[in-house]
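According to the numbering used here, the residues represented by the sequence shown are 39 to 225, in order.
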Amino acid sequence: SPCTNKKTKDVEPGLLAERSQRAADVGASAFLSLQANAAANPDLAGAALYVFDQEASSRNAAWLAEREDANDGTPGQTTEMGTPTSVATAGSRVLADAMLRELLQGVVLQRAAVQHAPMVSLRQVAAPALVIDVGSLSNREDEQRLRGAEYLSHVADAIARALGHYPDRPVPAGTSSPVATVVALIP
């Protein structure tokens, strides 16, 4: 495998569902999960955007969703989770489209389209939710890009611009910015 500094374990069991629940607990107006994943195909390179759907839009999206399910549960147990409301799903697609337009300006993408997957990290969120996979750790070129401050800066700038253009971003009482309601939980 091209990546020599891989994690041997993805996440602690339950962590992805916990992040989603914490977003719901604080009433987040949007949930973004920023990740750098491996891919089933090491030739697959670039960032990718995912929204929740029961059906995966590609083999890699299905593979990532299966890995999340396997890693987020505990051995022998199934994670019981709900599905997003139609309002959250529609909002996710609007936010994903805004994010895609911004990422297309200077960020290498796997596809110039929003992908769909039944990911644990998106299933239980009541707010619009996206997984932003910033690159593939199993691809040599992506791994190098992910080590560079310039690439990560392009990704961060694109995310900030997209959030600034996102139309369904109510400003909560006591804050001056809708971005303040976006929950970013990194262990």
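Idealized CB from N, CA, C, for every residue including glycine. Since we're looking at a predicted model, the values are computed, not measured.
| query | result |
| --- | --- |
| Taking Val89 as the reference, give the member of Ser176, Val158, Leu201 with the closest Cα. | Val158 |
| Less than 8 angstroms between the C-beta atoms of Ala83 and Asp180, yes or no? | yes |
| What's the gap between the Cα of Ala150 and the Cα of Arg60? | 31 angstroms |
| Let's see if you can read the secondary structure: which residues bound the beta strand (DSSP E) around Leu87? | 86-90 |
| Please return the same chain residues whose Cβ sits closer than 6 angstroms to the Cβ of Pro156, not counting the five positions on each side in sequence. | Gln92, Ala103 |
| In or out: Asp63 buried (at least 16 other Cβ within 10 Å) or exposed? | exposed |
| Are there 16 or more other CB atoms within 10 angstroms of the CB of Ala194, so buried, or fewer, so exposed? | exposed |
| Taking Gly173 as part of the alpha helix (DSSP H), name the residues at either end of that continuous run. | Careful: Gly173 lies outside any alpha helix (DSSP H), inside the beta strand (DSSP E) at 167-174. |
| Going by DSSP, which residues form a beta bridge with Asn79? | Answer is none; Asn79 lacks a bridge partner. |
| Taking 8 angstroms as the threshold (C-beta atoms), are Ala86 and Gln148 in contact? | yes |
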